[in-house]
Amino acid sequence: MSDSADPVIVFRNITKVYHLLGENVTALLDVSGSVRRGEFIAIMGPSGSGKSTLLNMLGCLDVPDSGEILINGIETTNMSDDELTKLRRDHIGFIFQQFNLIPLLTARENVEYPLLLKTGSADCDDRCLDVLRSVALESHLDHHRPNELSGGQQQRVAIARALVNDPEILLCDEPTGNLDSKTGNAIMELLSRLCTHQNKTVIMVTHDPSLAVYANRTIHIVDGRISGVA
Amino acid sequence: MQQRLFFNLAIRNLRIHWLRSLLAAIGIIIGVVAITSMGILGNGLTLSVSESLSDVGDSIVVSPHVGYYGMGSSPGNSRISERELEQIRRAAGNADVIPVYSGGERIKVGRETGAAVIYGLDPKDIPLMLDKLEGQYIRGSSGVMAGKKLAEEYDLIVGSRVLIGEEETGVRVTGILDERGMGFDINPDYGLVFSDQWYRNYYHEEGYDSVIVKVRDLSHIESTKAAIEAQLNRRETTVDVYDTRAILETILETFGRIATFTMAIGGISLLVAGVSIFNVMMMSVMERYKEIGILRSIGTLRSEVRKIFIYESLLLGLGGSLIGGLLSFIGGYVAILIMLEETRYLFEPSSLVYIPYGMAFGIVTSVVSGLYPAWKASNLNPIEALRHE
Ligand SMILES: Nc1ncnc2c1ncn2[C@@H]1O[C@H](COP(=O)(O)OP(=O)(O)OP(=O)(O)O)[C@@H](O)[C@H]1O
Ligand SMILES: [Mg+2]
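Just so you know, the protein sequences line up as chains A and B, in that order.
Residue 222, in the numbering used here, is where the first sequence stops; the numbers in between run on with no holes.
Residue 1642, in the numbering used here, is where the second sequence stops; the numbers in between run on with no holes.
Shown next, in the form of C-alpha cells:
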C-alpha cells in the first residue's frame, strides 16, 4: 500500500459477512488499502472472492459490518442513507457489466438524469452533449432508447452518465464483460484516457488479465482477503 | 424540474403498461361513478321527500292520547274537550291555538262519487293555516273550500256543488286552497274544509280531533310544548304532543342516513378499485426491482423513488377520477331517472357537489393505495435490487 499524498479513497479493516440460511458467508475479511487521485486500479481474483462486494463498499452502495471508509477524506461510517446517496450522486460514477441504463429514458435522458437530480436545472443540454461527444457516441443515437442500442453504444452512454456530474471516482464492475474484445478495448481506451487526461480515479473489477496492463496497480483478492498488490 | 423528471418516469411507465393502467383506472372510474351516482340519488330522494312535505315547521300538534278516554267521551272515540282546549290556550301564551275537527266522508260531484277528508275549522283560523288559490275564504257557517288535488280530480271550481254523505247534503265551493304538501297537522290537499259550526251541526259531536298550536317565534317551540304537556299530562297522559319541526327533522335525518348508506355502498366499489391500484403498483415495483436499484445507485434518494411511484398512482387516480366525474352525470341521471322518475334533481347544487366529492375520494383512494408500494420501492436494498434479473 503506497503512502499516497492525496488519497481519494481510504478503507481500513473492512469486513462483510452475509448470513444465508443460518450459514455465514464471509465476503470480505479485514481488508485495508488506499487509492490516490488519478490512479487506475484493477481488482482481480476468482469468482466469489469478494471483488464486487469491495467495489460496492467503496461506492457507498453497501456498508461494511466493521471497518471504515473515507471518501475525499470524509468518514462515511455514520452517514445516513440520504447522505450516502448524495455522495454517490456527486462524487462517484458507476459503470456496470450489464450497462444498467434506465429503460424508460432515451440515451440523452439517461445522461441528463443524474445532472437533473443534482442541479434540478432545466438547461443541462450543453453538458449532456459534451459528455456524449467525449465518449464518442454518434449524435443521431441521442434519442434512442437503451434497447435500441448495441452493447458498446449502451456502455458509452453509461460512461457518459457516470461522468455527467464530474465525479472524482469511477467504479467499474467488469465494464467489458458483455462486450467483444474490439469493443471492449475501445471502452478500455476511453477509461484510460479519462484517467490520464481528466485525472479521474478509476477502480475496475475484471477477470481478464490482459486488461491489467491499463492499470497502475492491481489488487488481488482471494477468499475475501487481499492476497497481493502489484 | 426534478418533479417533472419523476412525473415523466411515472407517465412513461403507465404508458408502457397501458392495458394494466387502463384496467386500474377503470376500477377508479367505476368507483367514482358509483359513489357519485349513489350520492346524487340519495340527495334526489331527500329533495323529493322534503319537497312533498309542507314546510310546517312552526306547529305543535296536540292529539288525544291513544288509549285514554277523556271525560265525557265514549271509549274508542277520544277527543279533546273544551276544558282541555282552554288549558292548552293558557299554556300556549300568545301562540295561535287552532282547534280542528277532522274526519272522512263520502262525496258526490255531479255523477262522480268518492271519498274525501273533511276538516272543520273556525273561519277566522283558516287564513292562518291555509293559502287560497281562487275564490273566497269561508265566511259564517256556509260554504266549503276544496283542496287543490281534490278540485283537480273532480273538476271543482268556485261555485261547484258537492253532495256530502249518505244524506247528500249539498254545499257550494267558495274557494280552492293552494297545494300544501304532506303535513303532520292537517292534509287538506285531497280534502274539504268546512267551518267548525257546519261540522258541529252535521256531526253533532263534542270535542275536537286535534289542536294545532302555531308559535310566533320558533325558539319558543320547545318551551310551549313543555308547558302544554305540563298542563294536560300532569296526572296521567291525556294528550300526545308532537312538534312538527322535530318530525320534519327526524324524517329528513332518516333520508339523509339512507343517502349516506347508499353512498357507502358506492364506496365499497371504490375500495375494490383501491385494491386493484395497490395490485398494479405492487406489480410495477416487482417488475422494476432492477431499475429501482439503478436509480438508487446513481444517486436517487429514497424520497425521490417514493415520489416516482406515488405520482404513478396519483396519475391513475386523477385520470380515473376525471373520467369518472364526467360519467357521473350520466350515472346520476340514470339513477334518479329510474328510482325517482324525475331528473331535475341532478342539476341541484346539493346534487352536483357529489361529483367533486366522488372525484376527491377517487384520487385519495389511489394515492393511499400507492403508499405502501412506494414505500416498499424506496426501501429496497440497492445492491439486491441491482442483482435482480
Ligand atoms: N447479497 C448477498 N447475499 C449473500 N451472499 C452474498 C451476497 N452478495 C455476495 N455474496 C457472497 O459473497 C461472496 C463474494 O461475492 P462477490 O459478488 O463480491 O464476488 P465476486 O468476486 O464479485 O464474484 P464474480 O467474479 O463472480 O462477480 C460470494 O461468496 C457471494 O456468494
Ligand atoms: Mg462480481
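Ideal placement from N, C-alpha and C gives every residue a C-beta, glycine not left out.
Fill in: Any 3 or more C-beta pairs closer than 8 Å across the stretch 1514 to 1526 of chain B and the stretch 1291 to 1310 of chain B
Three or more Cβ pairs closer than 8 Å define a contact, and the stretch 1514 to 1526 of chain B meets that threshold against the stretch 1291 to 1310 of chain B.
Worksheet item: Taking the C-alpha atoms as reference points, what is the distance between residue 144 of chain A and residue 151 of chain A?
Response: So the alpha carbons of these two residues sit roughly 11 Å apart.
Worksheet item: Is residue 1550 of chain B near ligand 2, judged by its Cβ being under 7 Å from some heavy atom?
Response: No, the Cβ of residue 1550 of chain B stays beyond 7 Å of every heavy atom of ligand 2.
Worksheet entry | Positions along the stretch 92 to 104 of chain A whose CB lies within less than 8 Å of some CB in chain B | Residues passing the 8 Å Cβ filter: 92, 93, 94, 95, 96, 97.
Practice prompt. Pull up the distance between the alpha-carbon of residue 130 of chain A and that of residue 141 of chain A, whole angstroms please.
Written response: Their Cα atoms are separated by approximately 11 Å.
Worksheet item: DSSP three-state call for residue 155 of chain A: helix, strand or coil?
Response: DSSP places residue 155 of chain A in helix when its eight states are reduced to three.
Item to complete: Give the DSSP-derived three-state secondary structure of residue 1512 of chain B in the structure shown.
Response: Helix, per DSSP.
Practice prompt. Please classify residue 70 of chain A: does DSSP put it in a helix, a strand, or coil?
Written response: Per DSSP, reduced to three states, the secondary structure at residue 70 of chain A is coil, with no helix or strand assignment.
Worksheet entry | Proximity test, residue 10 of chain A beta-carbon vs ligand 1 heavy atom, cut-off 7 Å | Checking the Cβ of residue 10 of chain A against ligand 1 gives yes.
Worksheet item: In whole angstroms, what separates the C-alpha of residue 1642 of chain B from that of residue 90 of chain A?
Response: Cα to Cα, the separation comes out at about 10 Å.
Worksheet entry | Under the three-state DSSP convention, the category residue -1 of chain A falls into | In the three-state DSSP reduction, residue -1 of chain A falls in the strand class (E or B).
Discussion item. Quick check: what's the CA-CA separation for residue 1325 of chain B versus residue 1317 of chain B?
Written reply: Note that residue 1325 of chain B has pLDDT 47, beneath the 50 cutoff, so the model's placement of it is unreliable and the number below is only indicative. Taking the Cα positions, residue 1325 of chain B is about 13 Å away from residue 1317 of chain B.
Discussion item. Distance cutoff 8 Å, beta carbons only. Does residue 137 of chain A sit that close to anything in chain B?
Written reply: Not closer than 8 Å to any Cβ of chain B, the Cβ of residue 137 of chain A fails to qualify, so no.
Worksheet item: Between residue 1594 of chain B and residue 1445 of chain B, what straight-line distance do the alpha-carbon atoms span, to the nearest angstrom?
Response: Residue 1594 of chain B and residue 1445 of chain B: Cα-Cα distance of roughly 30 Å.
Fill in: Inter-stretch contact (C-beta, 8 Å, three-pair minimum) for the stretch 1431 to 1448 of chain B and the stretch 1403 to 1423 of chain B
A contact exists between the stretch 1431 to 1448 of chain B and the stretch 1403 to 1423 of chain B.
Fill in: Member of A:16, A:95, A:27 whose CA lies at the smallest distance from the CA of residue 196 of chain A
It is A:27.
Worksheet item: Do the stretch 105 to 124 of chain A and the stretch 1577 to 1590 of chain B meet, that is, are 3 or more Cβ pairs less than 8 Å apart?
Response: No, the stretch 105 to 124 of chain A is not in contact with the stretch 1577 to 1590 of chain B.
Worksheet item: Hey, would you say the C-beta of residue 194 of chain A is under 7 Å away from at least one heavy atom of ligand 2?
Response: Because no heavy atom of ligand 2 lies under 7 Å away, the Cβ of residue 194 of chain A does not count as near it: no.
Fill in: Residue-level contact to chain A via CB, residue 1534 of chain B, 8 Å cutoff
Judged by the 8 Å Cβ criterion, residue 1534 of chain B is not in contact with chain A.
Item to complete: Please look up how many angstroms separate the CB atoms of residue 166 of chain A and residue 199 of chain A, rounded, as I've assumed it's under 8 Å.
Response: Rounded, the Cβ-Cβ distance is 7 Å, consistent with contact.
Worksheet entry | Neighbouring residues, chain A, relative to residue 1550 of chain B (Cβ below 8 Å) | Correct list: 51, 53, 80, 86, 92.
Worksheet item: Looking at the C-beta of residue 1612 of chain B, does it have a partner C-beta in chain A at a distance below 8 Å?
Response: No, no contact with chain A.
Item to complete: State the CB to CB distance for the pair residue 1428 of chain B and residue 1390 of chain B, rounded to an integer number of angstroms; the pair is presumed to be in contact (CB under 8 Å).
Response: Right, their Cβ atoms sit about 6 Å apart.
Worksheet entry | Start-end ranges of the alpha helix (DSSP H) lying completely within the stretch 1287 to 1363 of chain B, minimum 4 residues | The qualifying runs are 1335 to 1345.
Worksheet item: CA-CA distance, residue 1490 of chain B and residue 1386 of chain B?
Response: One C-alpha to the other measures close to 40 Å.
Worksheet item: Does any CB atom of chain A fall closer than 8 Å to the CB of residue 1275 of chain B?
Response: Not an interface residue.
Worksheet item: To which residues of the same chain is residue -6 of chain A closer than 6 Å at the C-beta, ignoring the five residues directly before and after it?
Response: Because residue -6 of chain A carries a pLDDT of 43, less than 50, the predicted location of this residue cannot be relied on, and no value is offered for it.
Discussion item. To the nearest angstrom, how far is the alpha carbon of residue 35 of chain A from that of residue 66 of chain A?
Written reply: The alpha-carbon separation between residue 35 of chain A and residue 66 of chain A amounts to approximately 23 Å.
Worksheet item: If you follow the alpha helix (DSSP H) that residue 131 of chain A is part of, which residue opens it and which one closes it?
Response: Judged by DSSP secondary structure, residue 131 of chain A falls outside any alpha helix (DSSP H); it is assigned neither H nor E.
Item to complete: Quick one: grab the DSSP three-state call for residue 199 of chain A.
Response: Here residue 199 of chain A sits in coil by DSSP.
Item to complete: Can you grab the Cα-Cα spacing for the pair residue 164 of chain A / residue 158 of chain A, in whole Å?
Response: Approximately 16 Å, taken between the alpha carbons.
Item to complete: Have a look at A:64, A:147, A:182 and flag the residue whose alpha-carbon is nearest the alpha-carbon of residue 51 of chain A.
Response: Ranking the options by Cα distance to residue 51 of chain A, first place goes to A:64.
Fill in: Interface partners of residue 1592 of chain B on chain A, CB under 8 Å
Going along chain A, no residue has its Cβ under 8 Å from residue 1592 of chain B, so there is no contact; the nearest lies around 47 Å.
Item to complete: Taking only the alpha-carbon atoms, compute the straight-line gap between residue 209 of chain A and residue 24 of chain A and give it to the nearest angstrom.
Response: Rounded to the nearest angstrom, the two C-alpha atoms are 15 Å apart.
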